[in-house]
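Structure first, commentary second.
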Amino acid sequence: MHTMTPPQKARAAFASAVVLLFLTGLASFVAVSRLLESDGWVTHTREVQTSIGDLDAAMLRTARARSAFVMFGSDDSVNEFDAAAPEISSKLQRLRELTRDNPKQQEFCSRLQDLATRRLALLQESIRLKREAPQDEQRQAEINRTNLSLAAEMTSLTQTMQEEERRLLEIRKSASLRLFKEMVVILFGAFILVLVLFSVQYRFLSAELAAREQAERIARDSEDSLRRLTGRLLQLQDAERRKFSRELHDSLGQYLVGAKMNLEMFAAQGKQSLFVEAVQLLEQSIAETRTISHLLHPPLLDEVGLSSAAKWYAEGFAQRSGIEVKIDLPKDVDRLPKPVALTLFRILQESLTNIHRHSESPKAEVGIVLLTDRVTLNVRDYGKGIAPQSGTILTKGTSAGVGLAGMRERMRELGGQLSIEPCAPGTLIRVSVPLPEGSNESTASAAD
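The opening residue of the sequence shown carries number -15 in my numbering; numbering runs sequentially from there.
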């Protein structure tokens, strides 16, 4: 199962936050639109209520103007009636337009218009009767009774319409309040989620920055270690060159000079003993040359492989140092790639050299374990153990010595691992080197 890396997690958290912000904005837009629409309907209901009240007021003014004219005969009352009467038609038209969305209210408007028309006609008849037959009290009384009946019916109808609008107002106010609460909840929840996602992203970014700083610190330490190691290696290289220069001058050079002198004397004097001595000096020169060549690079490693070279070196080391060396190698170890074989041989050399110099161990054990994907070299001694500062060499490389640091650099080049483990008694040096994919098949039989 694929696991996301911290940078991928940070990007995913940021993308989620952006998507959530977009969805929140969209949801907020929809909620605000619905809320504005709901508030518009609330305002519309109030406008309908106001329009009904305006119609009642206009009808009341016309009725009062007619009553004032009948009672006092004032022309001002007639003028007021003429001014208020046209407003009733406009108020009814306005009310009908406002209630287009409500069929029930439209029906009430039609009935209200019929009653208003009848009542206006009746009031106009009353004014005309007052002008033409002021003494006809009976007809005025009939008109008053009919007017009161129509007024009562209109009042009942407008009250019904007001009740209907109040009911709609409560419904619409409740819907508006619910939408407002939903919008608040959406915004608050989205704000919390965005905060959480940004905090998660901040944590991932902090972890990534910390890991990057640690990697940079390790790289700087490694660079410093490599720089010190390189400087120390250059010093050792100069020392090694001086050593081989002395060897060549003091041994091989002397032998060759002696051989040359004997050959010159043989040419001058013709003594056979001088020739024999010159041949012996040349043989010693050849042996000295072979010794120096073996020190620089063991020929057995190229000729017969790691197994024979390791055994040859272990035997020679045991003879020179007096330390018993037990070596255990698999049969197919000679199939290892040359860079891996050379690295294991050099680490074997350095490990045995360190045992001889520092451990005071009477014996050493060398073993190689060959797996399908890696090879492991174990070198164990039974001495006094490794010094504490050697651990610093492995972690930071802050030491003047190059033995363990050189091992570590060799492992880094091949992508392997080096560990030093304390034992009771002694120390175990373990290196593990991954094998290239092409060599897996060749080492599979050894692993089995």
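We treat Cβ as the ideally placed atom computed from N, Cα and C, and that holds for glycine.
Decide yes or no for the touch test of the segment 394 to 410 against the segment 353 to 373: beta carbon pairs closer than 8 Å, at least 3 of them.
-> yes
Rounded to whole angstroms, what's the CA-CA distance from Arg358 to Leu179? Just pull it up for me.
-> 48 Å
When you compare each of Gln268, Met138 and Arg216 to Gln238 by their alpha carbons, which one comes out closest?
-> Gln268
Closest by CA to Met55, which one among Phe175, Ser110, Leu39 and Lys347?
-> Ser110
Closest to Val32 by CA distance: which of Gln124, Glu192, Asn128 and Thr83 is it?
-> Thr83
Glu149, buried or exposed, once every other Cβ within 10 Å from all chains shown has been counted against 16 = buried
Report, in whole angstroms, the separation of the C-beta atoms of Ala298 and Val309, which I expect to be a contact under 8 Å.
-> 4 Å
Identify the continuous beta strand (DSSP E) that holds Leu354 and give its terminal residues.
-> Lys347 to Leu354
Between Arg18 and the rest of its own chain, which residues show a CB-CB distance below 8 Å, the 5 nearest in sequence each way excluded?
-> Leu163
For my contact list, Leu354 and Pro323 are in at a C-beta cut-off of 8 Å; report their separation, rounded to the angstrom.
-> Leu354 to Pro323, Cβ: 16 Å. No contact.
For Glu349, the nearest candidate out of Ser22, Ser12 and Leu412 (CA to CA) | Leu412
Roughly how far, in whole angstroms, is the beta-carbon of Met145 from the beta-carbon of Ile36, given that I think they are within contact range, below 8 Å?
-> 5 Å
Based on the DSSP secondary-structure assignment, which residues constitute the bridge partners of Arg(-5)?
-> Per DSSP, none; premise fails for Arg(-5).
Those runs of the alpha helix (DSSP H) which lie wholly inside the segment 188 to 217 and span at least 4 residues = none
Cβ atoms of Phe172 and Ala1: under 8 Å apart, would you say?
-> no
Tell me Asp312's beta-bridge partners as DSSP assigns them.
-> Gly351
CB-CB under 8 Å to Met167, same chain, minus the five flanking residues each way: which ones, in chain order?
-> Ser12, Ala15, Val16 and Leu19
With burial defined as no fewer than 16 other Cβ atoms inside 10 Å of the residue's Cβ, what is the status of Gln89: buried or exposed?
-> buried
Indicate, with yes or no, if the ligand SAM has a heavy atom lying under 7 Å from the CB of Ala(-1).
-> This structure does not include the ligand SAM; it has no bound ligands of any sort.
CB-CB under 6 Å to Phe65, same chain, minus the five flanking residues each way: which ones, in chain order?
-> Thr46, Ala49 and Arg50
List the whole-angstrom C-beta distance separating Thr337 from Leu398, where the pair is believed to meet the contact cut-off of C-beta under 8 Å.
-> Thr337 to Leu398, Cβ: 21 Å. No contact.
With which residues is Leu412 paired in a DSSP beta bridge?
-> Arg364 and Glu405
Whether Glu79 touches Ala100 by CB criterion (8 Å) = The sequence shown places Leu at residue 79, rather than the Glu named in the question. For Leu79 and Ala100, no; Cβs fall outside 8 Å.
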